[in-house]
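Working notes for the structure below.
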Amino acid sequence: MPEDWLSPRARDAESAVPGGFDLSECVREPIHLLGGVQSHGTLLAVAADGGAVDTAAANTLDVLGVPAAELVGAHVTRVLAVEDWAEVCQSVGEDGEACALQVEAGPEGGRRAFDLSAHRSGSLVVLEFEPRDAGQEFRFSGFYQGIRRALARLRSTVDVLDSCRAAVREIRALTGYDRVVAYRFDGPDGPGEVLAEDVTDTWESWLGLWFPATDIPPQARRLYEENWIRVIGDVDDPTVGLVPAVRAATGVPLDLSGAALRTVSGFHLEYLRNIGVRSSMSVSVMREGRLWGLIACHGAGPVRPAPEVRSACELFAAAFSLQLAALEERERADALAGAAGRAASVAELLDTDVEMSLPAHGPAVRALVGADSAVLVRGDRSVATGVPVPAALVAQLRQRAAGMDSGAVWATDRLGECLTDEEVRVPGLEDGPAGVLLVRLTSPGDFLAWFRAERPMPRKWATDPATPVRVGPRGERLTPRGSGEVFRSVMRGRSLPWKPREQAAAEELGRMLTRLVLRHAEELAVLNEELRMSNTDLDSFAHAAAHDLKEPLRGISNAATFTMEDAGAGLDPTSVRRLRSIQRLAGRMDELLNSLLHYARLGQAGLRRVEVGLDDVVDAALEVAGPRLAQERVRVVREAPLPHVAADPTRLYEILVNLLVNAAKYAADRPDRMVRISVEDVPAHGGTEADTTATGPGLASGSGRTERAVVVRDNGIGIRPELQADVFDLFRRLHGPTEHGGGTGVGLAVVKRIVERHGGRLWLESEPGSGTAFFFTLGESPAASPGESPAVPLDEAPAAPLDEPPAPPGARPTA
890 MPEDWLSPRA
900 RDAESAVPGG
910 FDLSECVREP
920 IHLLGGVQSH
930 GTLLAVAADG
940 GAVDTAAANT
950 LDVLGVPAAE
960 LVGAHVTRVL
970 AVEDWAEVCQ
980 SVGEDGEACA
990 LQVEAGPEGG
1000 RRAFDLSAHR
1010 SGSLVVLEFE
1020 PRDAGQEFRF
1030 SGFYQGIRRA
1040 LARLRSTVDV
1050 LDSCRAAVRE
1060 IRALTGYDRV
1070 VAYRFDGPDG
1080 PGEVLAEDVT
1090 DTWESWLGLW
1100 FPATDIPPQA
1110 RRLYEENWIR
1120 VIGDVDDPTV
1130 GLVPAVRAAT
1140 GVPLDLSGAA
1150 LRTVSGFHLE
1160 YLRNIGVRSS
1170 MSVSVMREGR
1180 LWGLIACHGA
1190 GPVRPAPEVR
1200 SACELFAAAF
1210 SLQLAALEER
1220 ERADALAGAA
1230 GRAASVAELL
1240 DTDVEMSLPA
1250 HGPAVRALVG
1260 ADSAVLVRGD
1270 RSVATGVPVP
1280 AALVAQLRQR
1290 AAGMDSGAVW
1300 ATDRLGECLT
1310 DEEVRVPGLE
1320 DGPAGVLLVR
1330 LTSPGDFLAW
1340 FRAERPMPRK
1350 WATDPATPVR
1360 VGPRGERLTP
1370 RGSGEVFRSV
1380 MRGRSLPWKP
1390 REQAAAEELG
1400 RMLTRLVLRH
1410 AEELAVLNEE
1420 LRMSNTDLDS
1430 FAHAAAHDLK
1440 EPLRGISNAA
1450 TFTMEDAGAG
1460 LDPTSVRRLR
1470 SIQRLAGRMD
1480 ELLNSLLHYA
1490 RLGQAGLRRV
1500 EVGLDDVVDA
1510 ALEVAGPRLA
1520 QERVRVVREA
1530 PLPHVAADPT
1540 RLYEILVNLL
1550 VNAAKYAADR
1560 PDRMVRISVE
1570 DVPAHGGTEA
1580 DTTATGPGLA
1590 SGSGRTERAV
1600 VVRDNGIGIR
1610 PELQADVFDL
1620 FRRLHGPTEH
1630 GGGTGVGLAV
1640 VKRIVERHGG
1650 RLWLESEPGS
1660 GTAFFFTLGE
1670 SPAASPGESP
1680 AVPLDEAPAA
1690 PLDEPPAPPG
1700 ARPTA
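Just so we're aligned, residue 890 is where the sequence shown starts under our numbering, counting upward by one.
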């Protein structure tokens, strides 16, 4: 290979960056394109479809007996028997599977024994030849028994740590290296920890040490995922170049990602020298297709394991990966078995109204998974228990939950690393929770999450992770690693990790809450249908009862009148008083029946929603309520102009008449009596159904949305707080029948029903002695349903509020 092409990094890490060491050079290094192989073997890249040699290692003359320049372009059978080449082609195929053979290779008449490894690399078949000396014949029986015993010991392990200890023992017994460690990565790009070790007595222990993530850069980790085994026979081995150095077909060196003889980065060779290692082998440990860790082997002298030993180690690593998966799955199954009972005991504490019951049972919910706080989010509502959680974090988790499947669980013990992008930076997270366990509920964005605070964790590092690179007396810049160089630090920004049993309990509780909410929704739907039917029956009954009772009531009143007329002066005063009481009570009963009849009709009549000017409806209402307001010296104030609204004008007229007369009836004893009509922006209701019974502004959802409300505000006598929720009940009077102008107690109940029919909400704010403000919204304007009856024209509306006596003729509005 021409010396002038070799990258300085490949030749000598010492001269890679003159005057200093740039670690990013190591990270960017294309280690699969270094253009060389280790010298104890040689390599040919052959066209799969024709057998012509495309690329050859520069040492083929020494190893195979034919110069590289003669092999390039020639047929591979120049050094390999026809039948062996045919077997290789059949074995590797197009699926890229590797194969290993024992062959005779070299020029005709001078062939000798080789271990041949072959694999596909695009359109090429890469052949690697390693000489096999006499007496090194492979003995399958003894080799098989050793592997079989090793796998049996591995299968008997009971947990991850026990498996790691068994793995390092068996790999060392198979290979003879001086140190074998099981090394687990802390995340895909994180540092690694030595979990288990088998080492010769003369070497220091690395057990429990952490190594910086920069020790194994990302491109090396990707290669470990593609090629499960990597051998460096001797760190002082001279690199053998390739002929040609750069392939004409691609413009880059031959891709050696799958080659066992691939040369090694100068950075890595320097690293191995600094830790006192002459040879090494690394075997990948995989979990769900990702690199979990490595089994790393180190030797004090050159070690070149035979291909069958490497294959055995690769097979063992595959079995080890499966054993880890089985142990984790068994741990998860055990966790699920106990999680159901624990989750059920917590679910029993939460009734159908989960949001209301969660705070009351917060300690039990948090203790289920050992959390510091918990948050339940459903729709626009959220409820929390325990240590406060930043609102911005809840909003970000809502977005994450929206992208998850129903019932899915997401857990992290390093929340800050998951939300580091500037666009999703969470204010206050630095002082907030460090870990979260989240389970997605039924609707998108709904979730139940538990949080844990930061738990600083001490670590022992094999070197200072902040300065893994240092210039030494001989120019070494990758610092030594080992127990003699232990650097102690504390990891911040992490919580205690979430154990499988805790994640299983969270998942189980999520399922139970989902079933609880769905069952509640079904029960609510049944109850709503029953209530609808009951309301329909009640409306029909009230209408029929009011109509049918009026006839006998009229008879009672007439009988009393005829008795007094017929008896004349012959009746004694007591009898006259009693007959007049009958007349008065019959009249009162007739008023109540009229009110009941009208209330029942409201439940049966349809709405005719149109765009109507609120000023026009106020003018019409004042034709009836105005005289009563004037009589009580109540001044009417309104914004000018009032907006248009989408409403049934007749029903809106009834609302305003009742509220304005109510202001006149309950005016306070002050000279500046006043009622104001306005339209205000109020916080939108967080629910989906009209709420016409709640009082005060507490209906706001906190979502920031607003809606427009009509407000009738007076400075009258006001309503005591304990009575405010009762004023909208049918026939509910807060004063005696003769106080404040009498009335039936139906007017505000009618207002409530009309608002409900519009899909709006009604509430009040009041302070005794200062007045009352009635707020009402009218909801959205839905399309008219088939069969809805038209609204009564405005000039046929009731002449007076239902708490007033019948109005005299001519008092009706003429709008």
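We put the beta carbon where it would ideally sit given N, CA and C, even for glycine.
All of these numbers come straight from a predicted model, not from anything done at the bench.
Same chain, Cβ closer than 7 Å to residue i, neighbours up to 5 away in sequence not counted
{"i": "alanine 1394", "result": "Ala1228, Arg1231, Ala1232, Leu1257 and Val1258"}
{"i": "glutamate 993", "result": "Ala970, Arg1000, Arg1001 and Ala1002"}
{"i": "arginine 1469", "result": "none"}
{"i": "arginine 1110", "result": "Leu1180"}
Of the residues the options, the one placed nearest residue i, counting alpha carbons only
{"i": "alanine 934", "options": "Asp951, Val952 and Gly962", "result": "Gly962"}
{"i": "valine 1568", "options": "Val1526, Asp1123 and Thr1452", "result": "Val1526"}
{"i": "arginine 860", "options": "Val1283, Ser1262 and Pro1277", "result": "The question about residue 860 has no answer, for the chain in this structure spans 890 to 1704."}
{"i": "leucine 1653", "options": "Val1601, Ile1643 and Leu1667", "result": "Val1601"}
{"i": "glycine 1636", "options": "Val1550, Arg1562, Arg1609 and Gly1658", "result": "Val1550"}
{"i": "proline 1106", "options": "Trp1099, Glu1114 and Asp1078", "result": "Asp1078"}
{"i": "alanine 1342", "options": "Ala1260, Arg1167, Pro1279 and Asp1294", "result": "Ala1260"}
{"i": "glycine 1188", "options": "Val1070, Ala1458, Gly1155 and Ala1085", "result": "Val1070"}
{"i": "arginine 1193", "options": "Gly1399, Gly1268, Ala1638 and Ser1168", "result": "Ser1168"}
{"i": "aspartate 1067", "options": "Leu1330, Gly1182, Pro1191 and Asp1504", "result": "Pro1191"}
{"i": "tryptophan 1181", "options": "Asp1302, Arg1524, Leu1096 and Ala1206", "result": "Ala1206"}
{"i": "phenylalanine 847", "options": "Ala1056, Gln1034 and Tyr1542", "result": "A query on residue 847 cannot be resolved here, the shown segment of the chain reaching from 890 to 1704 and no further."}
{"i": "leucine 1304", "options": "Val1124, Thr1274 and Ser1384", "result": "Ser1384"}
{"i": "threonine 966", "options": "Ala958, Leu1531, Cys1307 and Val942", "result": "Val942"}
{"i": "alanine 1300", "options": "Phe1156, Glu1396, Glu1543 and Ala1509", "result": "Glu1396"}
{"i": "serine 1234", "options": "Arg1466, Leu1398 and Ala1614", "result": "Leu1398"}
Assigned secondary structure, residue i (DSSP; H/G/I helix, E/B strand, else coil)
{"i": "aspartate 1603", "result": "strand"}
{"i": "threonine 931", "result": "strand"}
{"i": "glutamate 1218", "result": "helix"}
{"i": "arginine 1660", "result": "It is glycine, not arginine, that sits at residue 1660 in the sequence shown. The answer is strand: DSSP assigns glycine 1660 an E or B state."}
{"i": "serine 1234", "result": "helix"}
{"i": "aspartate 911", "result": "Residue placement at aspartate 911 cannot be trusted, given a pLDDT of 44 that sits under 50; what the coordinates show is reported in the next sentence. Reduced to three states, the DSSP call for aspartate 911 is coil."}
{"i": "proline 1020", "result": "strand"}
{"i": "phenylalanine 1209", "result": "helix"}
{"i": "serine 1052", "result": "helix"}
{"i": "tyrosine 1072", "result": "strand"}
{"i": "leucine 1398", "result": "helix"}
{"i": "phenylalanine 1617", "result": "coil"}
{"i": "isoleucine 1105", "result": "coil"}
{"i": "leucine 1282", "result": "helix"}
Per DSSP, cross-strand counterpart(s) of residue i
{"i": "glutamine 991", "result": "Asp1004"}
{"i": "glutamate 1596", "result": "Val1571"}
{"i": "threonine 1301", "result": "Val1325"}
{"i": "histidine 1157", "result": "Paired residue(s): none; histidine 1157 is not in a bridge."}
{"i": "alanine 1273", "result": "Val1264"}
{"i": "aspartate 1087", "result": "Val1069"}
{"i": "alanine 945", "result": "Leu933 and Val1132"}
{"i": "arginine 1524", "result": "Met1563"}
Chain D within 9 Å of residue i, Cβ atoms only
{"i": "methionine 1170", "result": "Here there is only one protein chain, and chain D is not present."}
Same chain, Cβ closer than 6 Å to residue i, neighbours up to 5 away in sequence not counted
{"i": "tryptophan 1339", "result": "Val1258, Ala1260, Ala1263 and Leu1326"}
{"i": "glutamate 1019", "result": "Gly930 and Asp1004"}
{"i": "isoleucine 1471", "result": "Ala1449"}
{"i": "leucine 990", "result": "Leu1005"}
{"i": "arginine 1255", "result": "Ala1263 and Gly1275"}
Contacting residues, own chain, Cβ-Cβ under 8 Å from residue i (five flanking each side not counted)
{"i": "glutamate 1500", "result": "His1533, Val1534 and Ala1535"}
{"i": "glutamate 1521", "result": "Ala1553, Lys1554, Ala1556 and Arg1562"}
{"i": "valine 1276", "result": "Asp1261, Ser1262, Pro1322, Phe1340 and Ala1342"}
{"i": "valine 1129", "result": "Met890, Gly925, Val926, Gln927, Ser928, Thr931, Ala946, Ala947, Asn948 and Thr1152"}
{"i": "serine 873", "result": "Residue 873 lies beyond the stretch modelled for the chain, which goes from 890 to 1704, so this question has no answer here."}
{"i": "glycine 940", "result": "His964, Val965, Thr966 and Trp974"}
- Assess, as a yes-or-no matter, whether the segment 1286 to 1297 is touched by the segment 1324 to 1339 under the definition of 3 or more beta carbon pairs within less than 8 Å. yes
Query - contact_flag[the segment 995 to 1015, the segment 947 to 958] where n(CB pairs < 8 Å) is 3 or more - result: yes
Next on the checklist: Three Cβ pairs or more, each shorter than 8 Å: is that satisfied between the segment 1205 to 1223 and the segment 1084 to 1093?
Outcome noted: no
Check your understanding: Is the segment 1141 to 1161 touching the segment 1175 to 1184, taking contact as three or more C-beta pairs under 8 Å?
Key -> no
Notebook entry, point to check: Taking contact to mean at least 3 C-beta pairs separated by less than 8 Å, is the segment 1146 to 1155 in contact with the segment 1110 to 1119?
Noted result: yes
How about the segment 974 to 982 and the segment 1157 to 1174: do they share at least three Cβ pairs that are nearer than 8 Å? no
| task | Evaluate contact between the segment 1536 to 1550 and the segment 1511 to 1526, counting only Cβ atoms and requiring at least three cross-stretch pairs below 8 Å. | result | yes
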